[in-house]
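A.B. asks: Have a look at the structure that comes next, please.
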Amino acid sequence: MIAFETLHAGMGSFLLKPESGKSYTAKLSFADGSVQTVPLPKALDDGYVLSVYQPNADSILVRVYASKNKIDQSAQTPLHVNFVAQSGGETVIASPVKITRASSSFWLEKKQFPSGIAQFTIFNAAGEPLNERIAFINSNDRMQLTLKTSKRSYKSRERVQVELEALTGAGKPTPGNFSITVIDESKVPVEESLESTIFSNLLLTSDLRGYVEAPNYYFSKETEEVSRALDNLMLTQGYRRFAWKDLSNPNLAKKEPQFKAEGLGMSISGKVLSLTGKVVPNATVLMMVAKSGDIKNDTTDINGRFKFDNIFLMDSVAFSIQARLGKSNKLEIIIDSIPKVLVSKNKNIPDVKIDVNQNIQEYVATGVKQEELLSKMGMINRTQRLKEVVIRAKKSKTEMYTIQGAYRIPDGHSDQEFLIENAETCASLLICLQGRLQGVNFRASGSVLNYPFSRTDAMDVFLDGRLLDEDEISTIFDGNSIDATDIGKIVVVRTNKALMNMLTGKPAILIYTKRGAVRRTYNPSIANIKPKGFNKAREFYAPRYDRAGSNRMLPDLRSTIHWDPAVKTFSTGKTTIDYFNSDGPATYKIIVEGISADGELGRTVYRYQVEQGNPAVMATTDPKTPGKPLPNEDANILGIRKALDTTGKKLPVEKLYVHTDKPYYNIGDTLWFKSYIMDGNLNPSKQSGLLYVELNSDSAEAVRRISIPIKDGVAWAQIPLERKIFQPGSYTLRAYTNWMQNFGEDYFFTKRFYLGIPASDTWLVNSQSNVAKVNNADQLNVDIKLKRTDKTAVALRDVEVTIYEDRHYLYKEKLQTDMEGNLKFSKALKAKADGRNLRVEIRSLQESDGRQFLQVPLTVNRNQNIDLQFLPEGGHLVAGLKSKVGFKALAEDGHGTSVSGVIIDKAGAE
């Protein structure tokens with residue numbers, strides 16, 4: 083009998099020696115008495131099994147098992163397979179293995195491998211892959227970082243000096259580049275296993291396909307259980323670097339990557355055409371910078387193309403580009419557009435927090451305290467209160483609108499006429515329209531990040547009576563091609579069929595601009611562009627309480643005490659950091675992450691106490707007897723190695739890790755970050771000079787996108803989380819280089835965080851949901867508890883509750899919370915309903931609640947929808963050969979779930 087059960091995150095493993103002609107099934111039993119059976123992969127009658135063991139700290143044991151047919155074959159004709167081990171995009175070992183018995187074993191030294199994921203593969207004589215196994219190798223190549231302070235307890239606002247020492251894995255001083263953050267752990271608590279660290283990202287998730295649950299669990303402690311769990315992850319998670327069949331393609335070396343690595347400067351390119359559409363060679367193209375008056379020129383080639391390289395912008399600057407041929411300007415100039423990055427479903431969606439847990443509540447509550455103290459001191463906006471000023475002016479006349487032509491709607495007949503208030507504060511038109519147009523939501527569609535929809539119907543957009551295409555819609559809502567201050571009103575038509583038929587028959591948004599707005603004369607030979615420049619890095623503000631003029635009477639409730647992305651140790655391996663504490667009492671957490679000049683990673687955490695004080699006070703078979711050494715490479719394996727090396731040079735690896743100052747934020751905070759861009763050997767990447775960083779909402783809306791220059795493999799900047807742009811909720815930080823797009827979005831760095839709002843009347847939610855069988859049908863039961871930031875219950879409040887599956891409306895009902903702020907309701911759930919995409923929208927119906935609106939993802943896990951997969955070591959089960967079989971059980975919410983059961987054969991025998 084073979085029993086099995088999960089060890090961690092729904093994963094586990096067991097040993098199985100299948101018999102020829104038999105099939106096997108896993109039988110699962112659940113607490114509710116239900117039973118589920120899942121077939122195991124069918125065993126092959128002939129083949130190999132590749133196993134990898136790590137019984138010692140400094141060695142790896144590799145075994146190749148061969149079936150009886152293969153042994154019999156080798157007795158007649160010499161038989162061998164080609165063994166290749168590679169890591170970080172480079173071949174570590176390539177050697178033939180002679181097959182003469184049922185098991186062929188050999189030892190490898192770990193020091194030959196860098197820490198991280200290694201790929202072991204055996205090939206036949208024709209170069210076709212037979213078996214593959216990935217394993218995580220822990221080599222002695224991590225930096226030893228040590229933090230020291232003069233004492234373990236400090237007073238509020240006292241100066242702290244921290245000594246950092248960096249040693250190599252061998253214990254020698256090493257120069258390195260580090261980022262350091264100091265946070266108040268009482269205000270920003272975090273679960274260690276859920277953190278994204280430089281180890282978990284660069285060594286693990288950057289080389290695995292799909293979602294990895296709690297990645298830092300595998301680095302938080304060194305125990306036998308963690309080692310087994312990590313090996314189970316290797317058995318069940320797919321390696322994503324490449325497919326072997328691609329390497330055998332003779333056209334691989336000729337194929338150019340779709341996305342080129344970008345240098346530090348940006349490029350502006352395009353083509354010049356005649357008015358009849360023919361290319362114009364030898365035309366003169368002038369690029370003029372309006373602000374500085376600088377002029378550059380270029381001449382079009384035989385294909386009419388031009389290009390301006392190495393343009394370095396630290397801000398958005400307006401350019402005019404004009405084409406001429408001799409004295410004639412009767413030409414058309416077309417600027418190349420930058421390919422849009424497709425927004426796909428977030429692979430880390432299981433990280434979405436259903437409940438605003440205690441950690442985040444404490445952080446939001448801290449923001450409330452700070453807002454209240456500043457309000458009492460008259461400094462809510464960090465400004466000085468001035469004497470009253472009286473302004474007298476005449477009431478403005480009624481605004482008139484530009485003539486709309488044939489596409490216009492009679493006043494008072496549309497679903498909504500929206501006037502933009504405080505248009506000068508709109509960072510983009512989308513920001514000012516999101517959530518304010520009734521029945522309209524914006525989401526990704528094709529190449530447009532934010533396209534307007536009415537329910538499931540895509541809407542048409544008109545500007546002053548002209549129907550816009552997709553590219554124009556994108557530039558309107560996201561690209562600021564129209565200033566919000568130039569818009570008179572916005573009209574929405576989505577329910578009146580007669581009005582829709584007057585337009586195009588579809589729901590529509592009509593944008594009316596103000597009469598008198600200057601319209602530019604169209605000249606096809608001139609292009610006016612305003613590209614976005616690099617984000618300017620600012621210095622993190624930290625008060626100095628030892629200097630005259632410091633206001634010691636103001637409360638210091640900072641949650642990020644110190645942030646420095648540019649800490650360096652030189653040949654001595656030592657450096658010192660100093661800063662001042664904020665107001666205690668608290669436990670402070672220092673996190674240092676970085677990389678040495680030799681590519682060794684390092685991370686350490688240090689804690690100390692801060693006491694309550696007067697705010698004004700300053701203040702861790704024997705390899706020594708190895709088996710038969712591997713022989714040298716032969717002609718067959720040289721071909722495989724050459725294909726690997728060609729791929730490594732043609733498509734070099736680029737890895738990315740982003741260190742943020744803390745795990746979640748309040749609206750009004752600044753997100754500080756440092757990025758490490760490495761090659762496959764964890765040396766600074768020389769591929770890319772530009773890094774793109776986005777903050778995306780859960781609706782796949784790119785709320786903010788910046789670009790920053792990369793120098794020596796590092797880049798740092800900050801993103802202000804401004805009230806006029808961001809709304810409360812979950813966001814994903816996504817970072818990538820243009821080169822990384824060649825390998826797909828799995829290569830991008832992603833990190834989720836929660837953004838709260840520091841207001842005492844803000845509603846916070848805690849939810850539970852389950853599915854019960856009622857009359858042989860699924861019934862969804864939802865229990866929601868609402869409370870405010872000050873922890874008082876949202877009692878006896880009228881709300882509207884709407885349930886959606888993805889974007890499809892299911893139910894709507896008006897309810898009232900009880901005295902404890904509870905909402906309980908049950909609804910029938912369709913059997914085919916996707917439990918991963920259910921959500922509840924709660925909208926307050928009383929004006930005194932301040933238009934509260936909450937979106938609550940629901941977790942629905944049904945036993946019958948558990949996804950259980952079995953993955954044999956090396957890729958196949960082979961009859962008569964013992965194999966390690968990994969398995970992974972995923973619940974509907976995308977998280978691993980615990981299961982247990984037994985393996986039975988076709989006859990039902992265990």
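Position one of the sequence shown corresponds to residue 83 (the numbering used here), numbered consecutively onward. Every residue, glycine too, gets a C-beta built ideally from N, C-alpha and C.
1. Mapping DSSP to helix, strand and coil, what is Y300?
2. Looking at the structure shown, is Y293 part of a helix, part of a strand, or coil, going by DSSP?
3. Tell me which residue opens and which closes the beta strand (DSSP E) that M316 is part of.
4. Report back the beta-carbon spacing between V785 and I807 to the nearest angstrom; my notes put them in contact at under 8 Å.
5. Report yes if the CB atom of G570 is closer than 9 Å to the CB atom of L501, and no otherwise.
6. For the putative contact between T832 and I759, defined by C-beta atoms under 8 Å, what is the C-beta separation to the nearest angstrom?
7. Could you name the residues that DSSP lists as bridge partners for H741?
8. Counting Cβ pairs, one atom from each stretch, are 3 or more of them under 8 Å apart for the region 103–110 and the region 136–154?
9. Go ahead and label S116 buried or exposed: buried means 16 or more other beta carbons lie within 10 angstroms of its beta carbon, across all protein chains shown.
10. Sort A973, V574 and Q226 by Cα distance to Q951 and report the nearest one.
11. Near S275, which residues of its chain fall below 7 Å by C-beta distance, leaving aside the five closest residues on each side in sequence?
12. According to DSSP, is K909 helix, strand or coil?
13. Counting C-beta neighbours from all protein chains within 10 Å, is the total for G968 16 or more, i.e. buried, or is it exposed?
14. Mind checking which residues open and close the beta strand (DSSP E) that includes E923?
15. I'd like to check one pair, G795 with I673: are the Cβ atoms closer than 9 Å?
16. Can you name, in chain order, every residue of its own chain whose Cβ lies under 7 Å from the Cβ of W645, other than the five neighbours on each side?
17. Since I believe A915 is in contact with E887 (beta carbons under 8 Å), could you give me their beta-carbon distance rounded to a whole number of angstroms?
18. Could you spell out the range, first to last residue, of the beta strand (DSSP E) harbouring A609?
19. Considering N583, what are the terminal residues of the beta strand (DSSP E) in which it resides?
20. Check whether the region 186–203 touches the region 643–663, taking contact to mean three or more Cβ pairs, one atom from each stretch, closer than 8 Å.
21. Inspect the beta-carbon positions of V131 and H958 and report whether they are closer than 9 Å.
22. Over the uninterrupted beta strand (DSSP E) stretch that includes N259, give me the two end residues.
23. Within this structure, are the beta carbons of Q136 and I219 separated by less than 9 Å?
24. Tell me which same chain residues have a C-beta within less than 8 Å of the C-beta of D497, skipping the five on either side of it?
25. Look at the alpha carbon of S812 and the alpha carbon of L837, and state the distance between them as a whole number of angstroms.
26. Hey, would you say W189 sits closer than 9 Å to S235, going by beta carbons?
27. Reducing DSSP to helix, strand and coil, say where K180 ends up.
28. I need the DSSP call for R805, collapsed to helix, strand or coil.
29. Give the single residue among R525, V166, M822 and S510 whose Cα lies nearest to the Cα of Q340.
30. Can you tell me where the beta strand (DSSP E) with E554 in it begins and where it stops?
31. How big is the Cα-Cα spacing for I491 and L772?
32. Would you kindly work out how many angstroms separate the C-alpha atoms of D565 and L511, rounded to a whole number?
33. Does the beta-carbon of G976 have 16 or more other beta-carbons within 10 angstroms, so that it is buried, or is it exposed?
34. Put Q520 into one of helix, strand or coil per three-state DSSP.
35. So, are the CB atoms of Q404 and V367 less than 9 Å apart?
36. Any idea which residues DSSP pairs M225 with across the strands?
C.D. replies: The relevant details are as follows:
1. In the structure shown, Y300 sits in a helix (DSSP, three-state: H, G or I).
2. Coil, per DSSP.
3. Unbroken run through M316 is the alpha helix (DSSP H), E306 to T318; no beta strand (DSSP E).
4. For V785 against I807, the beta-carbon gap comes to about 6 Å, under 8 Å, which counts as contact.
5. Closer than 9 Å, so yes.
6. The beta-carbon separation of T832 and I759, rounded to 15 Å, does not stay under the 8 Å limit for a contact.
7. In DSSP, H741 forms a bridge with K756.
8. The region 103–110 vs the region 136–154: no contact.
9. Its Cβ having fewer than 16 others within 10 Å, S116 is exposed.
10. Of the candidates A973, V574 and Q226, the residue whose Cα lies closest to the Cα of Q951 is A973.
11. Same-chain partners within the cutoff: A296, N298, Y299 and S302.
12. K909 falls in the strand class under three-state DSSP.
13. Buried: at least 16 other Cβ atoms inside 10 Å.
14. For E923, the enclosing beta strand (DSSP E) stretches over residues L920 to S926.
15. Remark: C-beta atoms of I673 and G795 do not approach each other more closely than 9 Å.
16. Excluding five sequence positions before and after W645, the CB atoms of its chain that fall closer than 7 Å to its own CB belong to T263, F622, D743 and W754, given in chain order.
17. Rounded to whole angstroms, the Cβ separation of E887 and A915 is 6 Å, and the two are in contact under 8 Å.
18. Its beta strand (DSSP E) spans residues I608 to I611.
19. Bounds of any beta strand (DSSP E) do not take in N583; it lies within the alpha helix (DSSP H) bounded by K579 to M584.
20. Contact annotation: the region 186–203 does not touch the region 643–663, with fewer than three C-beta pairs closer than 8 Å.
21. Yes; because the gap between Cβ atoms is below 9 Å, this pair is in contact.
22. Where N259 is concerned, the enclosing beta strand (DSSP E) stretches over G258 to D266.
23. Closer than 9 Å, so yes.
24. Hits under 8 Å: Q520, G521, V574, V575, R576, T577 and N578.
25. Looking at the backbone, the Cα of S812 and that of L837 are separated by about 6 Å.
26. For W189 and S235, no; Cβs fall outside 9 Å.
27. In the structure shown, K180 falls within a strand segment according to DSSP collapsed to helix, strand and coil.
28. When secondary structure is reduced to three states using DSSP, R805 falls in the coil class, being assigned neither helix nor strand.
29. Comparing C-alpha distances from Q340 to each of R525, V166, M822 and S510 shows the shortest one belongs to M822.
30. Element bounds for E554: not the beta strand (DSSP E) but the alpha helix (DSSP H), E552 to F559.
31. When rounded, the distance between both Cα atoms is 46 Å.
32. Straight-line Cα distance between these residues: approximately 8 Å.
33. Counting Cβ neighbours within 10 Å, G976 comes out buried, since at least 16 surround it.
34. In the three-state reduction of the DSSP assignment, Q520 falls in the coil class.
35. Contact: yes.
36. DSSP output for M225 lists no bridge partner at all.
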